[in-house]
């Protein structure tokens, strides 16, 4: 398979909500099948070429441009021939701020942009196709997201922001009761508000974040942001560093989350 990729940095005003831009152009004469495991972000795909096939918790689909919410199960992507488009990795809190709708509507699904009833997003594929190169496309996405953010009145609760950041910082190694006590909310209220603005319950989000850290520590070619556990080589050591009860517990979680 041949591929060309271009990374873009979002506008500083979007830094809280947008992780990165990735322009891509790929071609394969044979079928390409990828297993996309759950992660810490939501994915917006603006397609500039043929559709891609998805097989996820919600069943099979063949969307054009789409927005995938938070998942707690794997998604299989498939294509043959050319693929061309732009990927935007967003914080779930960023998606909530942009769309102003319950994030549970997007959990484990990937609706097409035209189904979201957001003109700024629905019009992106045609507008990006008119741009001459990736810098111009990144700038156009900046403009569209900034305008959408200005038009939206939705903002995540400070308590939800704190809980999400704490879970990210600790890779899910904080109990729900402790999180609730630090926000001053009841467990039930935290569950309701967090699910509505992130898409997963705090415990499920912690599970995904713990898995996400473990996958990075197990990948020998990746460096995990100065994590002192990054030099670990034993699978059992990684399991202990990530808060699993033992090696077998981590194996069960990998099967459940990544298939």
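Residue numbers (the working numbering): 2 to 260.
Using N, Cα and C, we set each Cβ at its ideal position, and we do this for glycine too.
- prompt: If you count every other CB in all the chains shown that lies within 10 Å of the CB of residue 11, and 16 or more means buried, which is it?
  reply: buried
query: Taking buried to mean at least 16 other C-beta atoms within 10 Å of its own C-beta, is residue 116 buried or exposed?
result: exposed
- request: Could you have a look at residue 45 and say whether DSSP puts it in helix, strand or coil?
  value: strand
message: For residue 82, tell me which candidate among 151, 31 and 196 has the shortest Cα-Cα distance.
response: 31
Pairwise C-alpha distance: residue 53 and residue 35: 11 Å
- request: Decide yes or no for the touch test of the stretch 53–71 against the stretch 141–154: beta carbon pairs closer than 8 Å, at least 3 of them.
  value: no
field: Cβ neighbours of residue 3 in the same chain (closer than 8 Å, five flanking residues each side left out)
entry: 27, 28 and 29
query: Are the stretch 210–218 and the stretch 106–116 touching by the rule of at least three beta carbon pairs closer than 8 Å?
result: no
query: When you compare each of 137, 239, 38 and 179 to residue 219 by their alpha carbons, which one comes out closest?
result: 239
task: Hey, could you find the ends of the beta strand (DSSP E) residue 83 is sitting in?
output: 76–91
With 16 other Cβ atoms within 10 Å as the buried cut-off, status of residue 119: buried
- request: Could you work out which residue in 253, 193 and 236 is closest to residue 105 when comparing CA atoms only?
  value: 193
message: Taking only three categories from DSSP, how would you classify residue 158?
response: coil
message: Less than 7 Å between the C-beta atoms of residue 199 and residue 93, yes or no?
response: yes
- prompt: I think residue 44 touches residue 73, with their Cβ atoms under 8 Å apart; what is that distance to the nearest whole Å?
  reply: Actually they do not touch by this definition, with Cβ atoms about 15 Å apart.
- prompt: Can the beta-carbon of residue 179 be found closer than 7 Å to that of residue 149?
  reply: no
- prompt: Under the DSSP definition of a beta bridge, which residues are partnered with residue 18?
  reply: BP columns for residue 18 are empty, so no partner.
Selection from 95, 67 and 167 that minimises the alpha carbon distance to residue 19: 95
task: Would you give the residue range spanned by the beta strand (DSSP E) that residue 61 belongs to?
output: 60–62
message: Quick check on the DSSP output: what are the complete alpha helix (DSSP H) runs of length 4 or more inside the stretch 126–176, in order along the chain?
response: 135–152 and 159–171
message: Rounded to the nearest angstrom, what separates residue 135 and residue 147 at their Cα positions?
response: 18 Å
query: Expressed to the nearest angstrom, what Euclidean distance is found between the alpha-carbon atoms of residue 191 and residue 158?
result: 11 Å
- request: Check each candidate in 79, 168, 86 and 185 and name the one with the smallest Cα separation from residue 202.
  value: 168
query: What do you reckon, are the CB atoms on residue 177 and residue 188 nearer than 7 Å?
result: yes
Closest by C-alpha distance to residue 33, when choosing among 78, 217 and 259: 78
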